[in-house]
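In this note's numbering, the protein residues as written are 1201 to 1622. No residue lacks a Cβ here, since even glycine has one placed at the ideal position from N, Cα and C.
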């Protein structure tokens, strides 16, 4: 008992050390844009709630999650004018063919919505027919909070508009302090969609719309607005509903594929263990399983190697008991009692061996025994007649008892011989 207690304490201490080590040295990366939509994570900076709320606002049958290259999907959309493309995260990794697919999608009337922290990719995406950039990078004194966009005007003059860059650690009560509205800041061009107000009371746009071909692109510079953490506030849901109202009434394509870096394809795992070791969660589960198995084996071995006392086997005295009863009946010349017991055992033996469900007192019993054993019914009836005759006698001789037993033994031997075929 003392050894088991020590082993249990050691196991619990080991688990506590592992837990403390994991809590102390676990990787801290609060924003996991690479896992933008995952039903297996409750990270506050994931996009699971936004994805689900989009499904409720637009209908689950109209929301599609993209896990393939854009050049293989967007050209297959039959009605791009009533379709929308969404990508939210830190940045995207578009290939050249993906960019062409996006521009063709917008030229056909499609709507793009992009909410990113890094806009380096956008310069290769937006250009006019003459190759001029529609969006360009300009330096501002406060580059940590603003990102400039140059919007085209019908008279070819450039008008500077700015997306507001929110700090990451603001609470939602400080983040959403304005009413989201549409503003025509440039005559004839609807560019700014949503504003926010900084501490000084000055308004800055956080969402800008740019016309492109027959479609449009909506840029949002605060992707944190759409994370699980901000969706817990009513203002966050209002912001999402406002965005949904700007999208056409048609299918929405949520892009998860383009947020993954363009690297060489991962070779397929050669075995199940290779697959487990390539994923951190499965790898740790495998380590814990090995450690738990080792602890179990150690504790079980300690239990099984304990010295066990040797007990003498219990002797079977039933045979000696039967011999004692037989000697008792023989010494008292009470053969009639023995005949009754022996005959009853004989009938029960026949019922069990031949699988007969009739009572020995039934008139059909001997006929059933003869049919199943192959012994003439007359011999079975003879045993029954002898038994009934013995019951009428006050005393029986030893010779009569022996002859009766031999007759029963011959019948049982013949039955066994007929059953085995020997």
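Residues bridged to residue i [DSSP beta-bridge criterion]
i: residue 1263; result: 1452
i: residue 1315; result: 1288 and 1420
i: residue 1410; result: 1417
Rounded distance between the beta-carbons of residue j and residue i, thought under 8 Å
i: residue 1301; j: residue 1275; result: 6 Å
i: residue 1449; j: residue 1282; result: 7 Å
i: residue 1250; j: residue 1440; result: 6 Å
i: residue 1575; j: residue 1599; result: The Cβ separation is near 24 Å, so there is no contact.
i: residue 1444; j: residue 1254; result: 7 Å
i: residue 1418; j: residue 1313; result: 5 Å
i: residue 1476; j: residue 1483; result: 6 Å
i: residue 1538; j: residue 1601; result: 7 Å
i: residue 1524; j: residue 1587; result: Their Cβ separation, rounded to whole angstroms, is 25 Å, which puts residue 1524 and residue 1587 out of contact at 8 Å.
i: residue 1258; j: residue 1426; result: Incorrect: roughly 15 Å between the Cβ atoms, too far for contact.
Exposure of residue i, with buried meaning 16 or more beta-carbon neighbours within 10 Å
i: residue 1454; result: buried
i: residue 1285; result: buried
i: residue 1420; result: buried
i: residue 1569; result: buried
i: residue 1267; result: exposed
i: residue 1585; result: exposed
i: residue 1578; result: exposed
i: residue 1291; result: buried
i: residue 1451; result: buried
i: residue 1315; result: buried
i: residue 1623; result: One cannot answer for residue 1623 here, as it falls past the ends of the chain, which runs 1201 to 1622.
i: residue 1217; result: exposed
i: residue 1247; result: buried
i: residue 1205; result: exposed
i: residue 1423; result: buried
i: residue 1564; result: exposed
i: residue 1606; result: exposed
i: residue 1609; result: exposed
i: residue 1535; result: buried
i: residue 1278; result: exposed
i: residue 1459; result: buried
i: residue 1387; result: Residue placement at residue 1387 cannot be trusted, given a pLDDT of 32 that sits under 50; what the coordinates show is reported in the next sentence. Label assigned to residue 1387: exposed.
i: residue 1573; result: buried
i: residue 1431; result: buried
i: residue 1415; result: buried
i: residue 1541; result: exposed
i: residue 1147; result: Past the edges of the chain, shown from 1201 to 1622, lies residue 1147, and the structure says nothing about it.
i: residue 1620; result: exposed
Which of helix, strand or coil DSSP assigns to residue i
i: residue 1415; result: strand
i: residue 1619; result: helix
i: residue 1559; result: coil
i: residue 1593; result: coil
i: residue 1513; result: coil
i: residue 1447; result: coil
i: residue 1478; result: coil
i: residue 1272; result: helix
i: residue 1280; result: helix
i: residue 1564; result: coil
i: residue 1534; result: coil
i: residue 1582; result: helix
i: residue 1348; result: Its pLDDT being 44, under 50, residue 1348 is placed unreliably in this model, and the coordinates cannot settle the point.
i: residue 1427; result: coil
i: residue 1433; result: coil
i: residue 1246; result: coil
i: residue 1295; result: coil
i: residue 1460; result: coil
i: residue 1498; result: helix
i: residue 1526; result: helix
i: residue 1574; result: coil
i: residue 1466; result: Per-residue confidence for residue 1466 stands at a pLDDT of 48, beneath the threshold of 50, marking its modelled position as unreliable; the derived number appears in the next sentence. Coil, per DSSP.
i: residue 1492; result: helix
i: residue 1149; result: A question about residue 1149 goes unanswered here, because the residues of the chain that appear run from 1201 up to 1622.
i: residue 1310; result: coil
i: residue 1487; result: helix
Check: residue i C-beta below 7 Å from any heavy atom of the ligand NAD
i: residue 1293; result: Of ligands this structure carries none, so the ligand NAD is not represented either.
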